Amino acid sequence: ADWLHKALETYRVPSRLVGRVTSVGTIPKSLAPIFRDRDELPSAHDLSREVGEALAQSANLIVICSPHSAASRWVNQEIVEFKRMGRAERVFCLIVDGEPDATDVSGRAAEECFAPALRYQLGADGKLGNLRTEPIAADARAAGDGKANAKLKLISGLLGIGFNDLRQRELQRRNRRMAAVTAVALAIMAVTTALAINAVIARNGAE
Numbered sequence: 025a026d027w028l029h030k031a032l033e034t035y036r037v038p039s040r041l042v043g044r045v046t047s048v049g050t051i052p053k054s055l056a057p058i059f060r061d062r063d064e065l066p067s068a069h070d071l072s073r074e075v076g077e078a079l080a081q082s083a084n085l086i087v088i089c090s091p092h093s094a095a096s097r098w099v100n101q102e103i104v105e106f107k108r109m110g111r112a113e114r115v116f117c118l119i120v121d122g123e124p125d126a127t128d129v130s131g132r133a134a135e136e137c138f139a140p141a142l143r144y145q146l147g148a149d150g151k152l153g154n155l156r157t158e159p160i161a162a163d164a165r166a167a168g169d170g171k172a173n174a175k176l177k178l179i180s181g182l183l184g185i186g187f188n189d190l191r192q193r194e195l196q197r198r199n200r201r202m203a204a205v206t207a208v209a210l211a212i213m214a215v216t217t218a219l220a221i222n223a224v225i226a227r228n229g230a231e
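Residue numbers (this note's numbering): 25 to 231.
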């Protein structure tokens, strides 16, 4: 969670994407601020109220998915509250441990990484029903997407653009950065070589 929070807060959207209008709005220059309760609620007197206000002000909810979070009633309740606000399609998952839908396999319920509120839709009464849903998930595990691609998958979802589109933009930005670094390195090498030649000429002249 700490890695993801910093990665999202410091991420700079590729300039060629900034200003594009998508189904979720106009793409901004950055994703900040990203709210994380552990960092921002240590002095709150009424945690449930503070968390509720944070959820109401949030456009998206990112859930770190593992057997621990799947078993947490607090995590589950936050997802339910967010869905009750009509934002079920803006819930994104990052798998870090366990297995999705492990409860469907006999004897493997302890491996489940999705909280019940992620696996089931809300009924008309605002409570979890029996209809299953498929969470939008990125897999940060080495055997899955890996941390880098998982981060980009989450960001593409938050911005409302395709993953491949964002990845191509990232590759282009990385190539431009490498070209700039290479150009600077070559320029430094040229200057160093010129200074060395001048030094040799001066030494020979002195001799």
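Ideal placement from N, C-alpha and C gives every residue a C-beta, glycine not left out. All values derive from a computational prediction rather than experimental measurement.
Bounds of the beta strand (DSSP E) holding Gly153 are Leu152 to Arg156. As the crow flies, the alpha-carbon of Val87 is around 15 Å from that of Thr157. Under the three-state reduction of DSSP, Asp128 is assigned to helix. Ala95 and Arg132 have their C-alpha atoms some 14 Å from each other.
For Asp163, the three-state secondary structure derived from DSSP is strand. Under a 10 Å Cβ-count criterion, Leu210 is classified as exposed, with fewer than 16 other Cβ atoms of the shown protein chains found around its own Cβ. Leaving aside the five residues that flank Leu55 on each side, the residues in its chain whose CB is nearer than 6 Å to its CB run, in chain order, Leu32 and Tyr35.
The beta-carbon distance between Gly150 and Glu135, rounded to whole angstroms, is 29 Å. This is too long to meet the 8 Å contact definition.
Rounded to whole angstroms, the Cβ separation of Phe116 and Asn84 is 6 Å, and the two are in contact under 8 Å.
Taking a contact as a CB-CB distance under 8 Å, the pair Ala164 and Leu118 counts as one, their CB atoms being some 6 Å apart. In the three-state DSSP reduction, Val115 falls in the strand class (E or B).
Counted as a single uninterrupted DSSP element, the alpha helix (DSSP H) harbouring Leu178 occupies residues Gly170 to Leu183. Shown here, Ile103 sits in a helix according to DSSP, grouped into three states. Going by DSSP, Leu85 is part of no alpha helix (DSSP H) but of the beta strand (DSSP E) stretching over Leu85 to Cys89. A residue is called buried once 16 or more other Cβ atoms fall within 10 Å of its Cβ, and Pro159 is buried on that count. The three-state secondary structure of Gly229, taken from DSSP, is helix.
With respect to Leu178, Ile51 sits apart: the two C-beta atoms are not nearer than 7 Å.
By the Cβ neighbour-count rule, Ala174 is buried, with 16 or more other Cβ atoms within 10 Å of its own. Distance from the CA atom of Ala148 to the CA atom of Ala204, rounded to whole angstroms, is 56 Å.
A distance of 7 Å or more separates the beta carbons of Arg193 and Pro91.
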